[in-house]
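Residues in the sequence shown are numbered from 3 upward in steps of one, following my numbering. Cβ atoms here follow ideal geometry from the backbone N, Cα and C, with glycine treated the same way. Computed from a predicted model, the values in this text were never measured in an experiment. Notes for the one structure printed next.
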Amino acid sequence: MNNILSCLEGVRTVIIAGHTRPDGDCVGACMGLWHYLRDNYPEIEADVRLEPVPESYKVIAGVEQIIGSYEDDKVYDLFIALDASDKGRLAGAQKYFDTAKHRICIDHHISNPGYADENMIVSDASSTCEVLTGLMAMEAISYDAAVALYIGIICDTGVFKYSNTSRHTMDMAGCLMEKGIPYSDLIDDVFYRKSYKQNKILGYALQKCRLVLDNRMIVCVLERPELDRLGAGHGDLEGIIDQLRLTRDIEVALLASASDTEANTYKFSMRSNHFVDVAAVAGKFGGGGHVRAAGFSAVGDINEIYHTAEALIKEQLDTCTME
């Protein structure tokens with residue numbers, strides 16, 4: 003990691019943190035770097051602080067070491083922010099960012115303003131894990147680090163299907179595969195292998211979804227009573243939005259689900275296939291993401307929030323030509 007080695011010199015304590023509601027790229031990047039530091043910088047004490055990790059990412063070694071609380075007042079020598087497009091996305095970890103002696107950010111979101119002391123933002127990279135893999139000395143990447151980084155890459159590229167996939171993406175993934183990781187099994191574990199309960203929740207969502215905007219958008223809204231009846235937590239909804247996106251002839255998929263921890267709070271996940279910039283829509287609500295995959299959280303009346311989002315999507319749909 004030649005370009006940040008100077009930041010590691012003399013460092014004894016490091017915090018690694020990512021964005022709120024961590025996805026595969028966030029978890030993979032944090033754990034990949036954690037393994038890399040542990041393997042190659044044994045003198046450094048590194049902590050990963052993240053909100054609860056979805057079940058599908060628990061195949062990554064060491065996730066049980068993640069610290070999920072933010073109550074202590076530990077001051078770190080170095081804060082490394084990964085896959086967090088702005089400081090506000092660090093959620094509870096912001097307090098450690100503010101008190102750290104030095105701060106760096108490694109990210110791939112084009113909207114990142116460069117909020118750390120040192121920033122490496124590669125907006126044409128598919129994922130933060132792709133950026134990290136390119137920064138690391140390949141011979142120093144362990145099996146466990148490779149698993150974490152590979153999962154991050156496949157999550158943000160939809161297993162290399164999204165338009166953000168490049169030759170460099172494939173090169174980095176290939177280097178990680180050469181570490182002997184079970185890449186096919188990892189794809190199944192992250193994308194396709196689901197519990198009986200998750201399959202029932204997916205079936206319910208597919209039955210409830212509806213087409214709007216002249217059949218150009220598919221929508222599913224899951225309220226708290228429904229989720230309670232299904233016994234569904236946030237992690238059980240993984241994969242629903244991607245299945246909705248595959249509906250023939252639609253351009254946009256939207257999934258809105260009630261928070262399982264905060265009243266009157268909803269998480270919106272959006273995907274588009276060709277034209278609509280869903281990151282621009284998410285940005286209107288303080289969220290973010292990528293052109294074809296983005297999301298946000300909002301507090302208030304679900305119908306008002308949804309109709310505002312739908313109107314923003316309609317504006318874009320009306321200016322494009324569906325193919």
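{"query": "Beta-bridge partners of Arg231, as assigned by DSSP", "result": "Partner(s): none; Arg231 has no beta bridge."}
{"query": "Burial state of Ser128, where buried means 16 or more other Cβ atoms lie within 10 Å", "result": "buried"}
{"query": "Cβ contact (3+ pairs, closer than 8 Å) linking the segment 222-241 and the segment 250-259", "result": "yes"}
{"query": "Rounded separation between Tyr98 and Phe81 - CA only", "result": "7 Å"}
{"query": "Touch test, the segment 95-111 against the segment 71-86, Cβ-Cβ under 8 Å, three pairs minimum", "result": "yes"}
{"query": "C-alpha gap between Ser8 and Gly290, whole angstroms", "result": "31 Å"}
{"query": "DSSP state of Glu325 mapped onto helix, strand, coil", "result": "Low confidence applies to Glu325: its pLDDT is 46, below 50, so where it sits in the model is not reliable, and the reading given next is rough at best. Coil at Glu325, not helix or strand."}
{"query": "Length of the line joining the Cα atoms of Cys285 and Tyr185", "result": "According to the sequence shown, residue 285 is Gly rather than Cys. One C-alpha to the other measures close to 34 Å."}
{"query": "Burial state of Ala296, where buried means 16 or more other Cβ atoms lie within 10 Å", "result": "buried"}
{"query": "CA-to-CA distance, Gly70 to Arg23, given in whole angstroms", "result": "12 Å"}
{"query": "Other residues of its chain near Pro54: CB distance less than 7 Å, five sequence neighbours each side excluded", "result": "Gly70"}
{"query": "Beta-bridge partners of Ile82, as assigned by DSSP", "result": "Ile18 and Ile106"}
{"query": "Met172 - DSSP class collapsed to helix/strand/coil", "result": "helix"}
{"query": "Cβ separation of Lys181 and Ile156, assumed to be a contact under 8 Å, to the nearest whole Å", "result": "Actually they do not touch by this definition, with Cβ atoms about 15 Å apart."}
{"query": "Length of the line joining the Cα atoms of Glu380 and Ala48", "result": "Any question about residue 380 goes unanswered here, given that the chain covers just 3 to 325."}
{"query": "Top-ranked residue by Cα proximity to Asp119, from Asp100, Glu132 and Asp126", "result": "Asp100"}
{"query": "Extent of the continuous beta strand (DSSP E) run through Asn121", "result": "Glu120 to Ile123"}
{"query": "Whole-angstrom distance between Leu246 and Gln209, CA atom to CA atom", "result": "11 Å"}
{"query": "Min CB distance Val214 to chain C below 8 Å", "result": "Protein chains in the displayed structure number just one, and chain C is not present."}
{"query": "Close beta carbons around Ser58, own chain, < 7 Å, minus the five adjacent residues each side", "result": "Asp191, Val192 and Glu240"}
{"query": "Backbone CA spacing between Val65 and Thr321 [nearest angstrom]", "result": "44 Å"}
{"query": "Three-state class that DSSP yields for Lys76 in the structure shown", "result": "coil"}
{"query": "Close beta carbons around Ala19, own chain, < 8 Å, minus the five adjacent residues each side", "result": "Cys32, Val50, Arg51, Leu52, Phe81, Ile82, Ala83, Leu84, Ala86, Leu92, Ala95, Tyr98 and Phe99"}
{"query": "Own chain residues within Cβ distance below 6 Å of Ile68, not counting five before or after", "result": "Val50 and Leu52"}
{"query": "Sequence-distant residues of the same chain with beta carbon closer than 6 Å to Thr249, five excluded per side", "result": "Ile220"}
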